[in-house]
Amino acid sequence: MAEPLPNPDEVKDSKTWKGIFAVSGIMITLVIYGVLQEKIMRVPYGVNKEYFKYSLFLVFCNRITTSAVSAGSLVTSKKALDPVAPVYKYCLISVTNILTTTCQYEALKYVSFPVQTLAKCAKMIPVMIWGTFIMQKTYKGFDYLVAFLVTLGCSIFILFPAGIDLSPYGKGRENTVWGISLMVGYLGFDGFTSTFQDKLFKGYNMEIHNQIFYTTLCSCVLSFSGLVLQGHLLPAVDFVYRHNDCFLDIVLLSTVATTSQFFISYTIRNFGALAFAAIMTTRQVESSFFFLLMLYF
Numbered sequence: 032m033a034e035p036l037p038n039p040d041e042v043k044d045s046k047t048w049k050g051i052f053a054v055s056g057i058m059i060t061l062v063i064y065g066v067l068q069e070k071i072m073r074v075p076y077g078v079n080k081e082y083f084k085y086s087l088f089l090v091f092c093n094r095i096t097t098s099a100v101s102a103g104s105l106v107t108s109k110k111a112l113d114p115v116a117p118v119y120k121y122c123l124i125s126v127t128n129i130l131t132t133t134c135q136y137e138a139l140k141y142v143s144f145p146v147q148t149l150a151k152c153a154k155m156i157p158v159m160i161w162g163t164f165i166m167q168k169t170y171k172g173f174d175y176l177v178a179f180l181v182t183l184g185c186s187i188f189i190l191f192p193a194g195i196d197l198s199p200y201g202k203g204r205e206n207t208v209w210g211i212s213l214m215v216g217y218l219g220f221d222g223f224t225s226t227f228q229d230k231l232f233k234g235y236n237m238e239i240h241n242q243i244f245y246t247t248l249c250s251c252v253l254s255f256s257g258l259v260l261q262g263h264l265l266p267a268v269d270f271v272y273r274h275n276d277c278f279l280d281i282v283l284l285s286t287v288a289t290t291s292q293f294f295i296s297y298t299i300r301n302f303g304a305l306a307f308a309a310i311m312t313t314r315q316v317e318s319s320f321f322f323l324l325m326l327y328f
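Here this note's numbering = 1-based position in the sequence shown + 31.
Structure, rendered in structure tokens:
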């Protein structure tokens with residue numbers, strides 16, 4: 032006997048609730064994440080006013096926490112730990128994800144948080160470009176128009192000098208060539224990461240935690256190797272050891288990063304990379320709005 036077809040209204044309601052769940056999770060976790068990363072990278076610690084400069088160490092802490100939680104989830108749910116896709120594909124996501132996060136942290140040394148936030152509104156452009164090359168997608172003219180107008184607005188904001196120098200590493204115009212270059216790198220790598228994640232979800236029908244586990248595991252190895260090669264591992268550990276408040280901030284940041292990674296992967300798996308980019312664009316505009324409110328009130 033054939034199973035009854037699902038009710039279209041029930042399917043629509045289910046997708047609506049999934050969308051609300053995804054958007055709410057992303058909005059809440061990434062707002063907290065943004066505040067914490069701003070504090071760690073731009074607020075001095077201790078009586079000597081020392082700045083934490085080891086952004087790759089933050090990447091390592093975030094990824095090792097996420098990897099451990101994902102492994103625990105797979106084991107608890109009795110799902111296979113074996114890779115579904117070739118390991119090099121997980122590693123490709125890891126490399127671009129590390130480059131994305133590193134560019135984001137490093138850019139905070141040269142541009143303010145509101146400038147970085149508005150620059151992230153251009154996420155749709157790289158996602159559409161990568162979607163065309165990687166997934167052979169085609170987009171309507173209206174999609175390109177919206178993406179262009181958002182990017183144009185962000186560019187105008189960035190190119191104008193800030194009224195106050197908010198960079199702790201230098202004086203003068205905060206939107207330096209290096210800072211803008213880091214943000215361009217962030218957007219390019221981030222667009223590739225989400226698009227390739229979408230491709231793996233659709234191509235291999237993999238579980239969310241399976242992709243998260245292998246991606247973050249590769250990221251742990253790569254970020255740890257980078258710390259050792261740069262000679263930053265011991266100085267970073269020493270800094271955290273001397274500043275307990277920094278240690279607590281990093282623990283909290285890693286916890287929030289793990290939670291946000293679940294919501295991000297959940298959104299990409301269920302709605303696609305472009306929908307995720309649109310959600311992120313809305314979040315950046317919302318963050319900028321609240322930042323302006325805090326300045327004036």
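C-beta atoms are modelled at their ideal positions from N, C-alpha and C, and glycine is treated no differently.
If you drop the 5 nearest sequence neighbours on each side, which residues of the same chain put their C-beta closer than 7 angstroms to that of residue i?
i	result
Ser125	Thr246, Cys249, Ser250 and Leu253
Leu231	Ala116, Lys120, Met237 and Gln242
Thr127	Phe220, Phe223 and Thr224
Cys122	Cys249
Val271	Cys277, Phe278 and Ile281
Lys168	Gly162
Ile310	Val54, Ile57 and Thr298
Arg300	Phe232 and Ile239
Leu283	Leu67
Ile303	For the record, residue 303 in the displayed sequence is Gly; it is not Ile. These residues qualify, in order along the chain: Asp229.
Residue i: buried (16+ other C-beta within 10 angstroms of its C-beta) or exposed?
i	result
Leu183	exposed
Tyr200	Because the pLDDT of Tyr200 is 46, which lies under 50, any placement of that residue in the model is unreliable, and the question is left without a value.
Gly13	Here the chain comprises residues numbered 32 to 328, so residue 13 is not present and cannot be evaluated.
Leu279	exposed
Thr398	This structure does not reach residue 398, given that the chain is present from 32 up to 328, and the question cannot be answered.
Thr47	exposed
Lys151	buried
Ile129	buried
Leu260	exposed
Leu213	buried
Tyr175	exposed
Phe164	exposed
Gly329	What the structure shows of the chain is the stretch from 32 to 328, and residue 329 is not part of that stretch, so it cannot be assessed.
Gly77	exposed
Residues in its own chain within less than 6 angstroms of residue i by CB, not counting five upstream and five downstream?
i	result
Thr289	Thr96, Thr97 and Val100
Asn93	Ser285 and Ala288
Leu305	Val158
Thr298	Ala53 and Phe307
Met166	Lys230
Leu264	Leu258
Leu112	Leu105
Ser86	Thr133, Tyr136 and Glu137
Ala267	Tyr85 and Phe88
Gly210	Ala138, Tyr141 and Val142
What is the DSSP secondary structure of residue i, reduced to helix, strand or coil?
i	result
Tyr85	coil
Tyr76	strand
Asp113	coil
Gly262	coil
Lys168	coil
Tyr136	helix
Gly141	Here the sequence assigns Tyr to residue 141, which means Gly is not the residue at that position. Reduced to three states, the DSSP call for Tyr141 is coil.
Ser108	coil
Sorted by chain position, which residues of the same chain lie with C-beta nearer than 8 angstroms to residue i's C-beta, five sequence neighbours on each side aside?
i	result
Leu139	Gln68, Glu69, Met72, Arg73 and Gln147
Glu81	Pro75, Phe270 and His274
Phe179	Ile156
Tyr64	Leu284, Val287, Ala288 and Ser291
Val177	Met155
8 angstroms is my cut-off, CB to CB: does residue i come that close to chain B?
i	result
Thr107	This model lacks chain B altogether, as it is built from one protein chain only.
Would you say the stretch 212 to 228 touches the stretch 100 to 113, given that touching needs at least three Cβ pairs under 8 angstroms? no
Touch check for the stretch 56 to 75 and the stretch 289 to 298: three-plus C-beta pairs under 8 angstroms? yes
Any 3 or more C-beta pairs closer than 8 angstroms across the stretch 75 to 93 and the stretch 208 to 217: no
At 3 residues or longer, what runs of the beta strand (DSSP E) sit wholly inside the stretch 233 to 313? none
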